[in-house]
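Which chain is which? The protein sequence lines are A and B, in order.
Going by my numbering, the first residue of the first sequence is number 570, and it counts up by one from there.
Going by my numbering, the first residue of the second sequence is number 299, and it counts up by one from there.
All C-beta atoms in this analysis are idealised placements derived from N, C-alpha and C, irrespective of residue type, glycine included.
Below is one structure; the comments refer to it alone.
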Amino acid sequence: KNEVEQSPQNLTAQEGEFITINCSYSVGISALHWLQQHPGGGIVSLFMLSSGKKKHGRLIATINIQEKHSSLHITASHPRDSAVYICAVSGTNAGKSTFGDGTTLTVKP
Amino acid sequence: KAGVTQTPRYLIKTRGQQVTLSCSPISGHRSVSWYQQTPGQGLQFLFEYFSETQRNKGNFPGRFSGRQFSNSRSEMNVSTLELGDSALYLCASSLVPRILATYGYTFGSGTRLTVV
Chain A
570 KNEVEQSPQN
580 LTAQEGEFIT
590 INCSYSVGIS
600 ALHWLQQHPG
610 GGIVSLFMLS
620 SGKKKHGRLI
630 ATINIQEKHS
640 SLHITASHPR
650 DSAVYICAVS
660 GTNAGKSTFG
670 DGTTLTVKP
Chain B
299 KAGVTQTPRY
309 LIKTRGQQVT
319 LSCSPISGHR
329 SVSWYQQTPG
339 QGLQFLFEYF
349 SETQRNKGNF
359 PGRFSGRQFS
369 NSRSEMNVST
379 LELGDSALYL
389 CASSLVPRIL
399 ATYGYTFGSG
409 TRLTVV
């Protein structure tokens, strides 16, 4: 079992739908990151969380430290949101990052 | 301000050769970390440098090495290339190392290495 598990692996939505991507982890962490990767490879860091909830525009990220679970929500999804969303955790001791396998999101007009 | 710059963008090498990739962080960022991304393994952490010192290292063989210069620019080197080293190599920079970071980090666009 991977230390970081994401679900779903693939997600197709219609424009305007509310999207939720989940991330569960099994190790102690200092922070959890949500990353967005568009075709071509460029990665954008969306959020870094150590507790609670953060919001940026239509994107909301939450983390529950006790349950070792985080969610990324996209409200009013748009085709330009189509990308791979990756959950990554920074460990507490060694400081290394561990990545989930990513969720491929396709938003259709 | 300029983002994280990785050079070259694309590279084709032959098995057995060595390769050096470069990463220039955002001005003022002193931490640079390197990652390998392949279709089969996803994103994997290679190593991280801060103030010219390697702070953390992932589970990669000794053929993978790196260094950081006094201006925070970093290079990674892969010797004796294997077909399995074909990947997108990404670097990211941040103000401080991740383990202490209260800030996020910024990625470069990556170098796509193909080993033939």
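When the options are compared against residue i, the one with the closest alpha-carbon
{"i": "L604 of chain A", "options": "A:G585, A:Q575, A:A582", "result": "A:Q575"}
{"i": "N375 of chain B", "options": "B:S368, B:N369, B:C389", "result": "B:C389"}
{"i": "N591 of chain A", "options": "A:S640, A:A652, A:S646", "result": "A:S640"}
{"i": "Q635 of chain A", "options": "A:A582, A:Y594, A:Q578", "result": "A:Y594"}
{"i": "S599 of chain A", "options": "A:A657, A:G671, A:L674", "result": "A:A657"}
{"i": "Q316 of chain B", "options": "B:S377, B:L386, B:G408", "result": "B:S377"}
{"i": "R273 of chain B", "options": "B:L381, B:R361, B:Q352", "result": "With chain B running from 299 to 414 in the structure shown, residue 273 of chain B is simply not present."}
{"i": "P678 of chain A", "options": "A:A582, A:Q578, A:P577", "result": "A:A582"}
Residue-chain proximity (residue i, chain A), Cβ-Cβ < 8 Å
{"i": "T351 of chain B", "result": "no"}
{"i": "T305 of chain B", "result": "no"}
{"i": "N369 of chain B", "result": "no"}
{"i": "I397 of chain B", "result": "Per-residue confidence for I397 of chain B stands at a pLDDT of 49, beneath the threshold of 50, marking its modelled position as unreliable; the derived number appears in the next sentence. True, the Cβ-Cβ gap to chain A drops below 8 Å."}
{"i": "L388 of chain B", "result": "yes"}
{"i": "S391 of chain B", "result": "no"}
{"i": "G340 of chain B", "result": "yes"}
{"i": "F405 of chain B", "result": "yes"}
{"i": "F343 of chain B", "result": "yes"}
{"i": "G364 of chain B", "result": "no"}
{"i": "G360 of chain B", "result": "no"}
{"i": "G382 of chain B", "result": "no"}
Cβ of residue i within 8 Å of any chain B Cβ
{"i": "G621 of chain A", "result": "no"}
{"i": "K624 of chain A", "result": "no"}
{"i": "D650 of chain A", "result": "no"}
{"i": "S576 of chain A", "result": "no"}
{"i": "K665 of chain A", "result": "yes"}
{"i": "L580 of chain A", "result": "no"}
Cβ distance (whole Å) where residue i is taken to contact residue j below 8 Å
{"i": "E584 of chain A", "j": "P648 of chain A", "result": "6 Å"}
{"i": "L341 of chain B", "j": "Q335 of chain B", "result": "5 Å"}
{"i": "T419 of chain B", "j": "S614 of chain A", "result": "The structure shown has nothing for residue 419 of chain B, since chain B only spans 299 to 414."}
{"i": "S320 of chain B", "j": "T305 of chain B", "result": "5 Å"}
Minimum Cβ-Cβ distance from residue i to chain D less than 8 Å
{"i": "N375 of chain B", "result": "Among the protein chains of the structure shown, namely A and B, there is no chain D."}
Checklist entry - In the segment 585-610 of chain A, which residues sit with their C-beta less than 9 Å from some C-beta in chain B, listed in chain order? => result S599, A600, H602, L604, Q606, G609, G610
Next on the checklist: Would you call the segment 307-324 of chain B in contact with the segment 347-360 of chain B, where contact means no fewer than 3 C-beta pairs closer than 8 Å?
Outcome noted: no
Item to check | Interfacial residues, the segment 627-657 of chain A to chain B, with Cβ spacing under 8 Å | outcome: I655, A657
Item to check | Cβ pair count under 8 Å reaching 3, the segment 627-640 of chain A against the segment 664-678 of chain A | outcome: no
Next on the checklist: Under 7 Å, CB to CB, which of the residues in the segment 312-330 of chain B have a partner in chain A?
Outcome noted: none
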